[in-house]
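Asks: Sharing a structure, written as structure tokens. Questions coming.
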Amino acid sequence: MAPIASNKAALLALRCPRCHEGKIFTSRALSFNFADMPEVCPVCGQPPEPEPGFYYGAMFVSYAFSVAIFAVTAAALYFLFGDPEIWVYVVVVGLTAMLFTPLSVRYSRMLMLYLFGGVDYQPNWVRYEPRTRRTAPAPTPSEV
5 MAPIASNKAA LLALRCPRCH EGKIFTSRAL SFNFADMPEV CPVCGQPPEP
55 EPGFYYGAMF VSYAFSVAIF AVTAAALYFL FGDPEIWVYV VVVGLTAMLF
105 TPLSVRYSRM LMLYLFGGVD YQPNWVRYEP RTRRTAPAPT PSEV
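So my numbering is basically just the index in the sequence shown, starting at one, shifted up by 4.
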């Protein structure tokens with residue numbers, strides 16, 4: 005697979021900021037573990053979490069996404085359905101927010117990683133080879 009040339013396109017495709025090839029999330033968005041990330045990029049070996057607690061800042065970005073989802077949904081209900089009763093707002097806005105939660109979490113993390121992660125695109129990166137665990141040789145009878 006060829007790397008994505010643009011940072012914006014790689015961010016939207018949820019790819020590694022260093023190689024633009026490796027997937028940042030290990031599972032699909034519509035699964036229960038939608039926020040799971042690998043320890044390192046499977047293609048270039050770049051860790052997706054630059055430091056412990058790095059993604060606490062993504063909560064603020066996710067909050068902004070949620071406010072935008074609430075506002076757009078409420079405005080659509082008001083203008084398209086002629087200001088329905090309050091319970092309709094609560095149900096529809098709540099369901100819409102739950103539906104978009106996986107995307108909100110994923111893209112808030114990606115924005116944090118691309119803007120504040122300190123990793124730039126390197127088109128000439130060296131392919132990552134995972135380390136294999138070396139086992140000590142079995143002791144010989146004379147060593148026992």
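Virtual Cβ for every residue (Gly too), placed ideally from N, Cα, C.
1. With DSSP run on the structure shown, which of helix, strand or coil describes R32?
2. According to DSSP, simplified to helix, strand and coil, what is R19?
3. Please list, in chain order, all residues of the same chain as G122 whose beta carbon is under 7 angstroms from its beta carbon, the five residues on each side excluded.
4. I'd like to know if the stretch 104-116 and the stretch 61-74 are in contact, where contact means that at least 3 CB-CB pairs between them fall below 8 angstroms.
5. Closest by CA to K12, which one among L115, F120, N128?
6. Answer yes or no: do V92 and I73 have a C-beta to C-beta separation smaller than 9 angstroms?
7. Thinking C-beta only, is C45 closer than 9 angstroms to G61?
8. Tell me where the alpha helix (DSSP H) around G98 begins and ends.
9. Give me whichever residues DSSP pairs with K12 in a beta bridge.
10. So the candidates are D87, A78, R113; which of them puts its Cα closest to the Cα of L99?
11. Going by CA-CA distance only, name the one from P56, P21, E89 that's closest to G49.
12. Report buried or exposed for P52, applying the criterion of at least 16 other Cβ atoms within 10 angstroms of its Cβ.
Replies: Concretely, from the data shown:
1. One-based indexing of the sequence shown puts residue 32 at position 28. Coil, per DSSP.
2. Here residue 19 refers to the residue found at position 15 of the sequence shown. In this structure, R19 counts as strand in the three-state DSSP scheme.
3. The count along the sequence shown starts at 1 and reaches residue 122 at position 118. Excluding positions up to five away in sequence, the list reads P54.
4. yes
5. In the sequence shown, counting from the first residue as 1, residue 12 sits at position 8. Sorting L115, F120, N128 by C-alpha distance to the C-alpha of K12 places L115 at the top.
6. Your numbering for residue 92 matches position 88 in the sequence shown. Your numbering for residue 73 matches position 69 in the sequence shown. No, the pair does not count as a contact, with Cβ atoms beyond the cut-off.
7. Residue numbering aside, residue 61 sits at position 57 when the sequence shown is read from its first letter. Residue numbering aside, residue 45 sits at position 41 when the sequence shown is read from its first letter. Cβ distance not < 9 angstroms, so G61 and C45 don't count as in contact.
8. What you label residue 98 is simply residue 94 of the sequence shown in a count that begins at 1. 90-120 is the extent of the alpha helix (DSSP H) around G98.
9. Reading the sequence shown from its first residue, position 8 is the one you call residue 12. None, per the DSSP bridge assignment.
10. On the sequence shown, residue 99 is found 95 positions in, with the first residue counted as 1. Measuring from the Cα of L99, the nearest candidate turns out to be A78.
11. As a first step, residue 49 must be located in the sequence shown, where it is residue number 45. Here the closest residue by C-alpha is P21.
12. Counting from one through the sequence shown, the residue named residue 52 turns up at place 48. Counting Cβ neighbours within 10 Å, P52 comes out buried, since at least 16 surround it.
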